[in-house]
Structure formats: structure tokens, C-alpha cells
Amino acid sequence: MLHDPPAQRTVPVPEPAALRSGDPRAIGPFRVRSRLGSGGMGDVYLGTDRRGEQVAIKLIRGAQLHDDEFRARFRREVRAAAKVRSRFIANLVDADPDAELPWLATDYVPGPTLSQALAAQGPLSEDEVLRLVAGVAEALHEIHRAGLVHRDVKPANVILGPDGPRLIDLGVVASVGATRLTMTGQPVGTPMYMAPEQASGNRTTSAADVWALGALAYYAATGNHLFEGDHPAVVLYRVAASPPSYDDCPPYLRPFLDALLVKDPDHRPTLDAILHSLGAPEPAGATLPLVKPGRVRGAGRRARRSDVLRSDGHRSRHRRPLVVLSSVAAGTAVLAGAAFGVWSSLTDDDREPAGTEQTLTPPPQSSPSPVQLVADGTRDHPWPQGDAKHLDAGSCWIANVIGVEGRQATLTLACDQTGTEVYGNPTPHAHLGIYAVGPDGKAVKSMPADAAAEDTFWTQGNLMDANPVTVTVTLPDVGTLLAVEVKQEKYGYGYHWAATS
Numbered sequence: 001m002l003h004d005p006p007a008q009r010t011v012p013v014p015e016p017a018a019l020r021s022g023d024p025r026a027i028g029p030f031r032v033r034s035r036l037g038s039g040g041m042g043d044v045y046l047g048t049d050r051r052g053e054q055v056a057i058k059l060i061r062g063a064q065l066h067d068d069e070f071r072a073r074f075r076r077e078v079r080a081a082a083k084v085r086s087r088f089i090a091n092l093v094d095a096d097p098d099a100e101l102p103w104l105a106t107d108y109v110p111g112p113t114l115s116q117a118l119a120a121q122g123p124l125s126e127d128e129v130l131r132l133v134a135g136v137a138e139a140l141h142e143i144h145r146a147g148l149v150h151r152d153v154k155p156a157n158v159i160l161g162p163d164g165p166r167l168i169d170l171g172v173v174a175s176v177g178a179t180r181l182t183m184t185g186q187p188v189g190t191p192m193y194m195a196p197e198q199a200s201g202n203r204t205t206s207a208a209d210v211w212a213l214g215a216l217a218y219y220a221a222t223g224n225h226l227f228e229g230d231h232p233a234v235v236l237y238r239v240a241a242s243p244p245s246y247d248d249c250p251p252y253l254r255p256f257l258d259a260l261l262v263k264d265p266d267h268r269p270t271l272d273a274i275l276h277s278l279g280a281p282e283p284a285g286a287t288l289p290l291v292k293p294g295r296v297r298g299a300g301r302r303a304r305r306s307d308v309l310r311s312d313g314h315r316s317r318h319r320r321p322l323v324v325l326s327s328v329a330a331g332t333a334v335l336a337g338a339a340f341g342v343w344s345s346l347t348d349d350d351r352e353p354a355g356t357e358q359t360l361t362p363p364p365q366s367s368p369s370p371v372q373l374v375a376d377g378t379r380d381h382p383w384p385q386g387d388a389k390h391l392d393a394g395s396c397w398i399a400n401v402i403g404v405e406g407r408q409a410t411l412t413l414a415c416d417q418t419g420t421e422v423y424g425n426p427t428p429h430a431h432l433g434i435y436a437v438g439p440d441g442k443a444v445k446s447m448p449a450d451a452a453a454e455d456t457f458w459t460q461g462n463l464m465d466a467n468p469v470t471v472t473v474t475l476p477d478v479g480t481l482l483a484v485e486v487k488q489e490k491y492g493y494g495y496h497w498a499a500t501s
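Okay, so the sequence shown: first residue is 1 according to UniProt numbering, each after it adds one.
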């Protein structure tokens, strides 16, 4: 049974800064009103549309503007971000990745970030932590359901808005980062909130967001970071090499952290499992409709705020910009009303795994691990042979391992942007590497010197269209072959396929 909501935590809302002399006065269809901030990828402005509704606009600047692949990935990932709609997310409104200075606009959420709120008033109460985590978990659930990964869940990317927490920086989703999208294969995120595999530079899956949710909960309850250091490199090393320490966390939070802060990403619960373990319906609360097509195919104008249902079923209206952690969606209130102790079900070996309807399937009943990911293209969970996959959410490259006999692998390769101004007519071996993964987990790259007479990977010329070509390649001798990896060499992203059918 839900009790009366706790006293509201009110924190002054930071005032936007005045525009500078070199700032634009209009971006796309939006009038620029003030400056919200800046980062490594550009500047963020407060803008308004013709109806006076406010948006946050990220204007991309810097060296990446001259990187054709950056622009191509940005375009594809803007479309991907448009698939995600949630009342706990600053949803994508519009974007123009083809502009001279690319930009994207999201809902503007008045309110301090979680880090600003804690700096002003200290750690959150138990009820506030429950509601914060429930809202962020539901936001991540919607991101993961769309096949995306946020990669930069941190206190500065959670705004305590008038109607509950909002996760921002959807620009990071898919695979690059702050309203930044995941655009390179390099580690993306904030060291103190990176998962161990993320800090090590390995492929990042949705499990990294689960780790970050645990780190966020710990920070919200204590005001401390799981890992700290004088230099980002020191923090990265500690995240990758040291177990997390949270002995100072409140007792109610420990079962939750025990479940989420597990070094092995395959043993962390999914967001489905977390929400189900709390007795939430599937999924918790209704989501908003997808963005309607607009300037970007698959991205466009937002749903009108007057059309968005509040948690109490009424139409949302503008409110004073006060932080109200208690007014989250009704479905999420179910989660918040439960004790955090129920998360112990995520680590009890004698219970059936939670979230049996989740997108990433839980383990068989005989498995002792609480939640296990099915095939996701990682070394330990490779795609089965015959499954064609884009090598990354923003990549043009589509690969498929269709057979392995001895040391010879047969693949199909394609670039679905062949013939475009950005990609032209690419040659597969100039962009892709084929690796053999041995029993020790090490990946060894195939080289022309290893090629057999029947190999066609090295002799395949420029692609003339988007249709897949079939190639063969001799793999290096790694002993017992466990998997075949196809990697985009410049940016380091890729997938693994099973060595046996």
C-alpha cells in the first residue's frame, strides 16, 4: 500500500546564462533564448518553438565536423534515439545532422541535476532514492527495449524535474556520448560511473547501464562515488581492476547494489529483471508515442506536452520549476512503494530468475546466476552463424559468418550506404578486420600472409551497391576456435559469431 508522499525536496533551479556575442540567435525552427552549457562536442542552448514551448538544443562543433563517418553515424543514431519515448527521459524533439553545424533538440526539463541537488542539500532520503532509481530504471528500460545503450548514466545526466527524474543526454545512446551519441568504438562515458568492461575498452552492452544505475543509487544515498582518483586514468584503472566498495551505503540499499555492481556483465540483471523483481507490471507505466517523422527520417517533432498523460491520468501542464521526487508515474510508484529489500530476489540462487518476459532472456532454471544474457555478439555470447548484423547501431557495415570449416571462414559483408557521398564504394578489407578467438579469449587478426589460394576477402574490390558479397578468409591458428570476430578497424566496434553452427 502506498503511503502519503514524502515531503518534497525543493532545490533552486539554475538560471540559464545570457547569450554571448558569437552565439546563434536561431537554430533550425527554434529561436535561441539563452545558453545552458557546453561540452566536448559543442554547446547547449535553451530555445523555443513557435508555440513558445521550450527545448534544449545541442549544437555540434569541433574537429568531428570534418569526419564524414562521424556525421553518418550521428545521422543514424539520431534516428535511433527517436525510437525512445518515456516520461522519464528528455525526449528527442527534432534534429538536423546534415546542417553545416549539426544539431539536435530535446525536451527542456527545468530543474537541477542530481549532482547539483546533492551539493545543495546532501544525500537523498530512502523514499527519494527509491523514486529516483525507479524513474531512471524505467527510462533505461525504454532505451534498452529500443536496442540502445545510454553509456553515460551519471548524476549530471539526471535532472530532478517538476514531475520526477529525467535522464538526459540521449545523444549518447546506441554506441557515442552528451547529447552526444555513441559515435566511436572508444570508451564513452564518465570514468567514475563506467562499468568495468567499459573502462577496459571492451564492447559495451546494456549491462553497463545497469552497473551505472547501481553507482547512481549509491551516490544518491551517500553523496560518494564508487571510485575516485586524482586523474581519469587512475579512476579507469580502479574501475577495471578493483572491486567496488560500498560499506557505507544504507542497509536498505545493499541488496540492490549486490545485484547490480557485479564485475561480470553477464551476471547483472537486466532492467526487465529489476522492474519485475519489484512487482511492476510489464513494463512499469505507459510510454509515450514515438516521435513522428520530421526533419530526420525516424526523428522529428515531439508529442505536444499537453498530449502527455501525467501519472494521475490527467493532462500534463506547466508547473513551477520545483524538484518533486515524489510525483513519479503511477506504475513507478508501485516500485517506489516496495522496500528495496525485494531486490535480494535478484541474487537468491534458489529462486526463479525475475523478468522471464524480458527482452534479454534470463538463464535456464538450472543456472545458478540470477540473470544471464543470451546471444548479444560478445565473445562469451556470440551470434549464431547465419545471423546478419550491423556491426554497430550507427555503422553502415553489415556482417554475417555463415560457415567455418577448419581455419577457413565464409562470410557475407555489405555496406548499406554504398554509393552515397559519405561512403562512396568502400573495399571491405580496407575497413574491416577478421579475427579468430581462441580458448584463452584472445583475438588474433587474419593477415594477407595467412591467405590461402581460395581466399576472396583480400581480393574483393570496391563494393558497387548495398547487396552483400560472399567472401572467404583463412583464420590464424589459435588452437580450438571459439568465435570469429568482425571488427571495424578505425573505430574498434564489431561483433563475434560462433565458430560452430
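Idealized CB from N, CA, C, for every residue including glycine.
Straight-line gap, residue i to residue j (C-alpha atoms, nearest Å)
| i | j | result |
| --- | --- | --- |
| Pro321 | Pro110 | Legend: pLDDT at Pro321 = 33, less than 50; position of this residue unreliable, value from coordinates given subsequently. If you take the alpha carbons of Pro321 and Pro110, they lie about 6 Å apart. |
| Val153 | Asp455 | 44 Å |
| Ala220 | Gly433 | 43 Å |
| Leu236 | Lys263 | 14 Å |
| His381 | His496 | 8 Å |
| Thr472 | Thr205 | 29 Å |
| Ala18 | Arg31 | 14 Å |
| Glu69 | Leu413 | 18 Å |
| Pro265 | Asp23 | 43 Å |
| Phe227 | Ala233 | 12 Å |
| Leu216 | Gln198 | 16 Å |
| Arg407 | Pro269 | 36 Å |
| Leu475 | Gly441 | 15 Å |
| Gly492 | Thr378 | 13 Å |
| Leu213 | Leu132 | 10 Å |
| Asn425 | Gln417 | 9 Å |
| Asp409 | Val401 | This sequence places Ala at residue 409; Asp is not what is there. Distance between the alpha carbons of Ala409 and Val401 is about 7 Å. |
| Gln54 | Leu104 | 13 Å |
| Asn157 | Thr190 | 10 Å |
| Tyr218 | Asp127 | 14 Å |
Candidates the options: closest to residue i by CA position
| i | options | result |
| --- | --- | --- |
| Val422 | Arg76, Ala453, Ser242 | Arg76 |
| Leu463 | Leu475, His381, Thr427 | Thr427 |
| Trp383 | Val444, Thr420, Val486, Asn425 | Val486 |
| Asp248 | Thr270, His225, Asp387 | His225 |
| Ser395 | Gly201, Leu130, Val78 | Val78 |
| Leu130 | Ala90, Ala208, Ser38, Leu275 | Leu275 |
| Lys83 | Ala56, Tyr108, Pro29, Ile143 | Ile143 |
| Ala241 | Ser200, Asp266, Pro232 | Ser200 |
| His150 | Ala80, Gln460, Arg33 | Ala80 |
| Asp67 | Met41, Glu53, Ser115, Gln121 | Met41 |
| Leu261 | Gly406, Asp209, Ala105 | Asp209 |
| His141 | Gly161, Pro102, Leu167, Ser125 | Leu167 |
| Gln488 | Trp397, Pro448, Gln460, Arg33 | Trp397 |
| Glu15 | Thr459, Pro29, Tyr193, Gly37 | Gly37 |
Cβ-Cβ separation, residue j to residue i (assumed contact under 8 Å), whole Å
| i | j | result |
| --- | --- | --- |
| Ala453 | Ser446 | Ala453 to Ser446, Cβ: 15 Å. No contact. |
| Gly135 | Phe88 | 4 Å |
| Ala56 | Leu46 | 6 Å |
| Gln385 | Ala498 | 6 Å |
Per-residue DSSP class, three states only, for residue i
| i | result |
| --- | --- |
| Gly135 | helix |
| Ile143 | helix |
| His276 | helix |
| Ala90 | coil |
| Val210 | helix |
| Thr459 | coil |
| Arg151 | coil |
| His381 | coil |
| Leu36 | strand |
| Leu101 | coil |
| Gly313 | Reliability of the predicted coordinates at Gly313 is poor, the pLDDT of 34 falling under 50, and no value is obtained from them. |
| Leu19 | coil |
Continuous alpha helix (DSSP H) stretch holding residue i: start and end
| i | result |
| --- | --- |
| Thr204 | Premise fails: Thr204 is in no alpha helix (DSSP H) and is neither H nor E. |
| His431 | 428-431 |
| Glu197 | 196-199 |
| Ala237 | One detail in the question is off: residue 237 reads as Tyr in this sequence, not Ala. First-last of the alpha helix (DSSP H) with Tyr237: 232-241. |
| Leu124 | Premise fails: Leu124 is in no alpha helix (DSSP H) and is neither H nor E. |
| residue 545 | No answer is possible for residue 545: the residues shown for the chain start at 1 and end at 501. |
| Leu260 | 254-260 |
Residue range of the beta strand (DSSP E) that includes residue i
| i | result |
| --- | --- |
| Arg166 | 164-167 |
| Val444 | 443-445 |
| Gln488 | 483-488 |
| Val422 | Element bounds for Val422: n/a, residue is neither H nor E. |
| Gln408 | 408-415 |
| Ala117 | Unbroken run through Ala117 is the alpha helix (DSSP H), 114-121; no beta strand (DSSP E). |
| Ala451 | That residue, Ala451, is in no beta strand (DSSP E); it is neither H nor E in DSSP. |
| Glu405 | 397-405 |
| Lys58 | 54-60 |
Min CB distance residue i to chain B below 9 Å
| i | result |
| --- | --- |
| Ala139 | In the structure shown, chain B does not exist; there is a single protein chain. |
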